[in-house]
Amino acid sequence: AQKITQTQPGMFVQEKEAVTLDCTYDTSDPSYGLFWYKQPSSGEMIFLIYQGSYDQQNATEGRYSLNFQKARKSANLVISASQLGDSAMYFCAMRELRGGYNKLIFGAGTRLAVHP
Amino acid sequence: DVKVTQSSRYLVKRTGEKVFLECVQDMDHENMFWYRQDPGLGLRLIYFSYDVKMKEKGDIPEGYSVSREKKERFSLILESASTNQTSMYLCASSSQGANSYEQYFGPGTRLTVT
Numbered sequence: 017a018q019k020i021t022q023t024q025p026g027m028f029v030q031e032k033e034a035v036t037l038d039c040t041y042d043t044s045d046p047s048y049g050l051f052w053y054k055q056p057s058s059g060e061m062i063f064l065i066y067q068g069s070y071d072q073q074n075a076t077e078g079r080y081s082l083n084f085q086k087a088r089k090s091a092n093l094v095i096s097a098s099q100l101g102d103s104a105m106y107f108c109a110m111r112e113l114r115g116g117y118n119k120l121i122f123g124a125g126t127r128l129a130v131h132p
Numbered sequence: 062d063v064k065v066t067q068s069s070r071y072l073v074k075r076t077g078e079k080v081f082l083e084c085v086q087d088m089d090h091e092n093m094f095w096y097r098q099d100p101g102l103g104l105r106l107i108y109f110s111y112d113v114k115m116k117e118k119g120d121i122p123e124g125y126s127v128s129r130e131k132k133e134r135f136s137l138i139l140e141s142a143s144t145n146q147t148s149m150y151l152c153a154s155s156s157q158g159a160n161s162y163e164q165y166f167g168p169g170t171r172l173t174v175t
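Going line by line, the protein sequences match chains A and L.
Take 17 as the starting number for the first sequence in this note's numbering and just add one per residue.
Take 62 as the starting number for the second sequence in this note's numbering and just add one per residue.
Here you go:
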């Protein structure tokens with residue numbers, strides 16, 4: 017069963033506008049965490065933001081915020097004031113404890129294009 | 062500054078060849094991971110290691126093996142490369158601290174098997 021679902025293979029946004037990248041997850045573990053990573057065309061994975069399942073407030077990091085809706089099992093990434101350099105692949109991932117070890121389960125990714 | 066390096070950015074090998082992908086981290090992390098990335102599938106875990114000489118299978122270990130003789134180095138081995146192993150391979154490391162869940166990634170190796 018797919019644990020992390022990113023339903024948007026591709027998105028585009030105008031420079032300086034906000035964009036929301038969707039992520040839904042499935043787990044029966046009460047303790048989990050959700051990550052967003054950015055992968056530019058150069059290939060490296062860049063950590064953006066983390067939300068723990070027990071965190072009371074939505075995580076924010078500069079222009080990035082995570083819209084965490086626990087009951088709906090969604091963890092959407094919101095990028096405010098998009099910049100051309102935001103064009104990249106974005107991956108949602110969930111930390112899951114399996115066999116005594118923390119592992120990351122990744123979604124298929126969303127390719128974001130920022131247009132001038 | 063944290064750093065994970067991979068031995069090659071691009072690699073072309075022939076079917077049946079033995080292939081070694083090397084990963085080195087300088088953060089003294091206990092955990093190291095190998096993923097492969099394919100379009101539409103995201104990243105899938107091949108193997109991981111939580112200590113020297115220790116390894117655990119991930120979700121897609123078939124056709125791969127790993128070696129961790131030193132804490133800073135984690136090698137992925139394709140014993141007999143096949144065309145369906147053409148992919149992007151990403152190495153990552155993380156600490157075992159109580160709240161240290163973030164994984165730090167290398168730049169990736171794009172492997173083509175012909």
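Beta carbons: idealized from backbone N, C-alpha and C, even for Gly.
Can you tell me which residues form a DSSP beta bridge with cysteine 152(L)?
Position 91 of the second sequence holds residue 152(L). Cysteine 152(L) pairs with Trp95(L).
To which residues does DSSP link leucine 82(A) through a beta bridge?
Against the first sequence, residue 82(A) aligns to sequence position 66. Leu93(A), per the DSSP bridge assignment.
Coil, strand or helix - asparagine 74(A) by DSSP
What you label residue 74(A) is simply residue 58 of the first sequence in a count that begins at 1. Coil at asparagine 74(A), not helix or strand.
Assuming phenylalanine 81(L) and serine 110(L) are in contact, meaning their beta carbons sit under 8 angstroms apart, how far apart are those beta carbons, in whole angstroms?
On the second sequence, position 20 is the one that residue 81(L) refers to. On the second sequence, position 49 is the one that residue 110(L) refers to. A Cβ-Cβ separation of about 16 angstroms leaves phenylalanine 81(L) out of contact with serine 110(L) under the 8 angstroms criterion.
Taking 8 angstroms as the cut-off, does the region 73-90 of chain L touch the region 68-80 of chain A (at least 3 CB pairs, one atom from each stretch)?
Here the region 68-80 of chain A does not lie against the region 73-90 of chain L, with fewer than 3 beta-carbon pairs under 8 angstroms apart.
Short Cβ contact (7 angstroms threshold) for leucine 100(A) with valine 130(A):
Here residue 100(A) refers to the residue found at position 84 of the first sequence. Here residue 130(A) refers to the residue found at position 114 of the first sequence. In this structure, valine 130(A) lies closer than 7 angstroms to leucine 100(A) by Cβ.
Determine, for proline 122(L), whether the minimum Cβ-Cβ distance to residues of chain A falls below 7 angstroms.
By one-based count along the second sequence, residue 122(L) stands at place 61. Taking 7 angstroms as the threshold, the shortest C-beta distance from proline 122(L) to chain A does not fall below it.
Got a sec? Which residues, its chain only, sit under 8 angstroms from phenylalanine 28(A) by beta carbon, not counting five neighbours each side?
Indexing the first sequence from 1 puts residue 28(A) at position 12. Excluding sequence neighbours, phenylalanine 28(A) sits near Leu128, Ala129, Val130 and His131.
At least one CB of chain A closer than 7 angstroms to the CB of tyrosine 162(L): is that the case?
Here residue 162(L) refers to the residue found at position 101 when the second sequence is read from its first residue. Taking 7 angstroms as the CB threshold, tyrosine 162(L) lines the interface with chain A.
Beta-bridge pairing of threonine 126(A) - partner residues as DSSP gives them
Against the first sequence, residue 126(A) aligns to sequence position 110. Residue pairing for threonine 126(A): DSSP places it in a beta bridge opposite Tyr106(A).
Checking 7 angstroms against the spacing of the C-beta atoms, do valine 151(L) and glycine 124(L) come in under that value?
Taking the second sequence and counting its residues from 1, the one referred to as residue 151(L) is at position 90. Taking the second sequence and counting its residues from 1, the one referred to as residue 124(L) is at position 63. Correcting the residue type first, residue 151(L) is leucine in the shown sequence and not valine. Their beta carbons are not under 7 angstroms apart, which means leucine 151(L) does not touch glycine 124(L) by this criterion.
Cutoff 8 angstroms; reference alanine 75(A); Cβ partners in own chain excluding five residues on either side:
Counting from one through the first sequence, the residue named residue 75(A) turns up at place 59. Closer than 8 angstroms at the Cβ level, and outside the excluded window around alanine 75(A), lie Ile65, Tyr66, Gln67, Ser81, Leu82 and Phe84.
Pull up the CB-CB distance for lysine 118(L) and glutamate 130(L), whole angstroms please, since I reckon it's below 8 angstroms.
Along the second sequence, read from residue 1 onward, the residue named residue 118(L) stands at position 57. Along the second sequence, read from residue 1 onward, the residue named residue 130(L) stands at position 69. So it is not a contact: roughly 19 angstroms between Cβ atoms.
Using the Cβ count rule (16 or more neighbours within 10 Å means buried), how would you classify glutamine 73(A)?
Here residue 73(A) corresponds to residue number 57 of the first sequence, with the count starting at 1. By the 10 Å Cβ count, glutamine 73(A) comes out exposed.
Between which two residues does the beta strand (DSSP E) containing lysine 54(A) stretch?
As a first step, residue 54(A) must be located in the first sequence, where it is residue number 38. For lysine 54(A), the uninterrupted beta strand (DSSP E) run begins and ends at 49-55, by DSSP.
Which whole-angstrom value describes the C-beta separation of tyrosine 41(A) and methionine 110(A), a residue pair presumed to lie in contact below a C-beta threshold of 8 angstroms?
Within the first sequence, residue 41(A) is the residue found at index 25, counting from 1. Within the first sequence, residue 110(A) is the residue found at index 94, counting from 1. Approximately 5 angstroms separates the beta-carbon atoms of tyrosine 41(A) and methionine 110(A); this is inside 8 angstroms, confirming the contact.
Nearest candidate by alpha-carbon position, reference serine 47(A), set Asp102(A), Ser57(A), Ser90(A) and Leu113(A):
Looking up residue 47(A) in the first sequence gives position 31. Scanning Asp102(A), Ser57(A), Ser90(A) and Leu113(A) for the CA closest to the CA of serine 47(A) turns up Leu113(A).
Interface residues of chain C around leucine 120(A) at Cβ under 7 angstroms?
Of the chains in the structure shown, none is chain C; the protein chains are A and L.
For methionine 27(A), the first and last residue of its enclosing beta strand (DSSP E):
As a working note, residue 27(A) is residue 11 in the first sequence. In the DSSP assignment, methionine 27(A) falls within the unbroken beta strand (DSSP E) covering 26-30.
Starting from lysine 132(L), follow its DSSP beta bridges and name the residues at the other end.
As a first step, residue 132(L) is located in the second sequence; it is residue number 71 there, counting from the start. For lysine 132(L), DSSP assigns no beta-bridge partner whatsoever.
Look up histidine 131(A) in the DSSP assignment and give the residues it is bridged to.
What you label residue 131(A) is simply residue 115 of the first sequence in a count that begins at 1. Note: histidine 131(A) is bridge-paired with Gln30(A) in the DSSP secondary-structure output.
Which residues of chain L have a Cβ atom closer than 7 angstroms to the Cβ of alanine 124(A), listed in chain order?
By one-based count along the first sequence, residue 124(A) stands at place 108. Per Cβ cutoff of 7 angstroms: Gly101, Leu102 and Gly103.
Would you please verify whether the beta carbon of glycine 49(A) is less than 7 angstroms from any beta carbon of chain L?
Counting from 1 along the first sequence, the entry for residue 49(A) is found at position 33. Judged by the 7 angstroms Cβ criterion, glycine 49(A) is in contact with chain L.
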